[in-house]
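Since the structure comes first, as structure tokens, the remarks are kept for the end.
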Ligand code: 3H9
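In this note's numbering, the protein residues as written are 24 to 716.
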């Protein structure tokens, strides 16, 4: 099968890219395009060319595997094909269906005109792979849209819906029958002898640009882009498009692309890209297991989590019943949802019409009987096993026979919950993260008897909701929270030994997390953290810190009481000498001599125990693979994606370092802090996590 089909249609030739699954621009595609262009240019019967994609999609960009190989791409490279297009005297029209992303859009931008299907999406998402567009994307896009829109679109990597792309000038027209319309359009252009429109020569929107635009944008993205390379190089490249001669600007884009391609950040982000896709593959749930069709959903519990989960479904266009047993709690929950949507409308990130559509899909109910038509019921009530069991007993009474019964628990035993029903094969954990309508991670949890179809359904649901699903086995805390307890505890031990809250949070935030562990505690509430801690039965030999309890006793519950590990003015945290006194008091009480602790020790002592527990989780089969843990931490716990996730990061730094840290900690911290046997094995053999499979 050729990777590019040559399809004459009268005096127009359609070059159709056909490279499953996503029409990536592999070498075979590039060769096919170059040959097709040459043949069409040479054939006097051909008056115009349309470039399109097979199977309803244009092209998803460069082949990421090829870029990740680090090898120099074989000629013809995309830039050479673009030069060939721009030198062709015959009109070339891109017919964009599905997705035109990255190099795919760059290819379309080198065509003279672009026609997109109404439902198509276009974008330059390279930033998410730690790259900048490397085939003139920052140049041609900016020339068509002007710098403001280009800065927003390319630094965010957003997928723009076709109508928005039309508004911005990235595409020239929308159509239903895209290829047909592109062919007709090409003929019209020939008949009218319209001059060819070469995007790299369009200059109106890059002329007379105020350089302040770039300074202001750099300031704006600083909090989000801190520590990363690609977003800054994208701005540099767009600035060059506006401020430098064309050839120099294109050359700079190439240099920045190479710099990003060769950076460890690119490598880490490509790891995350493939890890997210790998996580959807469950070895004992073959791809042909048909997920249950989810047409109606019910969520039980109208608190913050339940409301957020209901919003996820409404946003995906799925009708959802939200149940709370009292009218008052239900009204409060529905009110919070309305407020949430209204805030998005006020911010401009949602239209009033979309808000109305979403709200019309959420129905508040107070009777369990109303859940009878749901295909999946998700419980999101108080985190208490007894309460959850009672709720599941109600499900047992009313749920349709085919319905899946899911729990949003963040740590409780799925099998114990399943045991209250007569259909344990339909019971599963769907652990959403707060705020549920924003956070991308969906940690699905299988019980001993959860059926393949139930698993396939909740994994597919993750995709429907635009989330990143990962499957975990059943244990206390599953993947994410089970690992996190070590990180949280170690932060307190470091305080006892001499570190300050600012130092600990500073180290973690410089590493790339949005917030350090103590600031997170203050946000979630130290009373909540303390309760969870108290409910855990720690082995007698395990080190414990009384710090959290002391804070709670003194009313330092965190942001909600204006003081916790910090003092707060609004949301601004301020170091508080009173806390330091309290911490020093605890050190004295425990007979610990405080010392200077350097930043590296802080980082390793916080992250290595996390990785060590991750190794146990892989060894026990709770996570199917180490990379699933990376997906969990990047999407649910704020681990910087450009460092690849904790397991990837540790492997790059050397697993032996983790073993050494754990050997140092275990004598004072207890048996659970000993190096995981799997980790010791892999470190000794020099194998990475692949050795665990
Ligand atoms: C670039 O273009 C650089 C240029 O500027 C520079 C020079 C030209 N390559 O996501 P899915 C695989 S950088 C190779 O599940 P969906 C994917 O791994 C690129 N493989 O489907 C998966 O494989 P498997 C910029 C790719 O329907 C399968 O295809 N472009 C590529 O949910 C299905 O993928 C991007 O960043 C690729 N480019 O979503 C776009 N893309 O089945 C990246 C996908 O074995 N791609 N695969 O696990 C996407 O965003 C989504 O795949 C897309 C489809 C939205 C297209």
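Quick reminder that beta carbons are idealized off the backbone N, C-alpha and C, glycines included.
Item	Value
Apart from the five residues just before and just after residue 435, which ones in its own chain have a Cβ nearer than 6 Å to its Cβ?	408
Measure the alpha-carbon distance for residue 352 versus residue 118 and round it to whole angstroms.	51 Å
Where residue 88 and residue 152 are concerned, what is the direct C-alpha to C-alpha distance, given to the nearest angstrom?	12 Å
From the DSSP output, in three-state form, read off residue 455 for me.	strand
Measuring CA to CA, which of 502, 569, 26 and 260 is closest to residue 517?	569
The alpha helix (DSSP H) that contains residue 402, what's its start and end?	It is not in any alpha helix (DSSP H) - residue 402 instead sits in the beta strand (DSSP E) that spans 399–402.
Decide if residue 430 is buried, meaning its Cβ has at least 16 other Cβ atoms within 10 Å, or exposed.	buried
If residue 105 sits next to residue 60, beta carbons under 8 Å apart, how far is it from one beta carbon to the other, in whole angstroms?	Going by Cβ atoms, the distance from residue 105 to residue 60 rounds to 10 Å, so no, they are not a contact pair.
So is the beta-carbon of residue 654 under 7 Å away from any non-hydrogen atom of the ligand 3H9?	no
If I follow the unbroken alpha helix (DSSP H) through residue 249, where does it start and stop?	Premise fails: residue 249 is in no alpha helix (DSSP H) and is neither H nor E.
In angstroms with no decimal places, state the Cα-to-Cα distance between residue 55 and residue 98.	12 Å
Do you know how far the Cα of residue 519 is from the Cα of residue 608?	9 Å
Is it the case that the region 312–324 contacts the region 687–699, given that we only count it when at least three CB pairs across the two stretches are under 8 Å?	no
By alpha-carbon positions, which one of 355, 515, 251 and 370 ends up nearest to residue 346?	355
Sorted by chain position, which residues of the same chain lie with C-beta nearer than 7 Å to residue 264's C-beta, five sequence neighbours on each side aside?	161, 162, 165, 166, 229 and 272
Who does residue 146 pair with in a DSSP beta bridge?	124
Could you check which residue in 611, 612 and 549 has the C-alpha nearest to that of residue 584?	549
Which residue from 35, 40 and 34 puts its Cα closest to that of residue 25?	40
Threshold first: 3 residues or longer. Then list the beta strand (DSSP E) segments lying entirely within the region 360–409, N to C.	385–388 and 399–402
Ordered along the chain, which non-local residues of its own chain (more than five positions away) have a Cβ less than 6 Å from that of residue 333?	322, 343, 345 and 385
Could you work out which residue in 620, 405, 330 and 275 is closest to residue 359 when comparing CA atoms only?	330
Along the alpha helix (DSSP H) that carries residue 656, what are the first and last residues, could you check?	649–659
So the beta strand (DSSP E) residue 712 belongs to, where does it begin and stop?	Counting along the chain, residue 712 falls outside any beta strand (DSSP E), and DSSP gives it neither H nor E.
With respect to 7 Å, is the separation between the Cβ of residue 129 and the closest non-hydrogen atom of the ligand 3H9 below this value?	yes
Whole angstroms are fine: how far does the CA of residue 181 sit from the CA of residue 299?	18 Å
Helix, strand or coil: how does DSSP classify residue 697 here?	coil
Leaving out five residues before and five after residue 288 in sequence, what residues of the same chain have Cβ atoms less than 6 Å from its Cβ?	153, 252 and 665
How should residue 350 be labelled, buried or exposed, when 16 other C-beta atoms within 10 angstroms of its C-beta is the threshold for buried?	exposed
Among 195, 427 and 478, which has the Cα closest to the Cα of residue 308?	478
Pop quiz: residue 702 and residue 658 are said to be a contact at Cβ under 8 Å. What is the actual Cβ separation, rounded to whole angstroms?	That pair is no contact at about 23 Å.
Do you know whose CA, among 681, 64 and 597, lies nearest residue 37's CA?	64
Between residue 149 and the ligand 3H9, is there a pair consisting of the residue's CB and a ligand heavy atom that are separated by less than 7 Å?	yes
Answer with buried or exposed for residue 597, where buried requires no fewer than 16 other C-beta atoms within 10 angstroms of its C-beta.	exposed
Could you check where the beta strand (DSSP E) with residue 465 kicks off and where it finishes?	464–469
By a C-beta neighbour count over all protein chains shown, 10 Å radius and 16 as the cutoff for buried, is residue 526 buried or exposed?	buried
What does DSSP give as the partner residues of residue 98 in its beta bridges?	DSSP, once it has assigned bridges, lists no residue as partnering residue 98.
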